[in-house]
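**Q** The structure's right below; bear with me while I get my questions together.
Residue numbers (full-length UniProt numbering): 1 to 141.
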C-alpha cells in the first residue's frame, strides 16, 4: 500500500473511532439522564396513584414495584415525613419483612394478600389521609 493510503486509512480509523466514542458518550448521557429522571418519575407515580385510589391502588398497580426506589427518592429530596408514610404503608403490606426483591416480586405478580385484608386497608386509608395533607409540601413541582 502506498504511504498516502495508509495515512487515509489511519485518518478514517480515527474518524470512526471518534464517532463511536461520541455515540457511546451520548448513550451514556442518555442512560445517566434516565436514572436522574427516574426518581422524579417514581414520585410522580406515587402521587398519581395515591391521589387516585390510595396506597392500595399504588401497590396493586404496576407503580408499586418501584416503592423502594420511591422511598429512596423521597429521602434524597428531604421529603422525610412522606417517606415515613410510605415506609409505614410498605410495612403494612409486608408484615413478614420480606427482603425488597421478594416483596417486589410479589407485587409484580399481584400476590400481596394483605391488599385484600380489611384491617390492612383501614390502616392504609389512614395513611392515605396523612399523605393527602402533603406534610412535606408538594411532591411535584
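All residues carry an ideal CB built from backbone N, CA and C; glycine is no exception.
Check for me: the alpha helix (DSSP H) holding residue 110 runs from which residue to which?
**A** Segment: none, residue 110 is in no alpha helix (DSSP H) and carries neither H nor E.
**Q** In whole angstroms, give me the CA-to-CA distance for residue 128 and residue 111.
**A** One C-alpha to the other measures close to 22 Å.
**Q** Between 69, 47, 50, 51, which has its C-alpha nearest residue 103's C-alpha?
**A** Among 69, 47, 50, 51, the Cα nearest to that of residue 103 belongs to 69.
**Q** Around the C-beta of residue 106, are 16 or more other C-beta atoms found within 10 angstroms, so that it is buried, or is it exposed?
**A** Counting Cβ neighbours within 10 Å, residue 106 comes out buried, since at least 16 surround it.
**Q** Let me know if residue 28 comes out buried or exposed under the rule of 16 or more other beta-carbons within 10 Å of its beta-carbon.
**A** Low per-residue confidence applies at residue 28: pLDDT is 44, beneath 50, and the placement is therefore not dependable, though the value from the model is reported in the following sentence. So residue 28 counts as exposed.
**Q** According to DSSP, simplified to helix, strand and coil, what is residue 134?
**A** Residue 134 falls in the coil class under three-state DSSP.
**Q** Please report the distance separating the alpha-carbon of residue 48 from that of residue 108.
**A** Whole-angstrom Cα-Cα distance: 19 Å.
**Q** Who are the near neighbours of residue 95 in its chain, counting only those whose CB is closer than 8 Å to its CB and skipping five residues on each side?
**A** Excluding residues within five positions, the ones whose Cβ falls inside 8 Å are 114.
**Q** So for residue 79, helix, strand or coil by DSSP?
**A** Coil, per DSSP.
**Q** Please state whether the Cβ-Cβ distance between residue 73 and residue 93 is less than 8 Å.
**A** Contact: no.
**Q** Here's a check: name, in chain order, each residue in its chain whose Cβ is nearer than 8 Å to the Cβ of residue 51, leaving out the five neighbours to either side.
**A** Around residue 51: 132.
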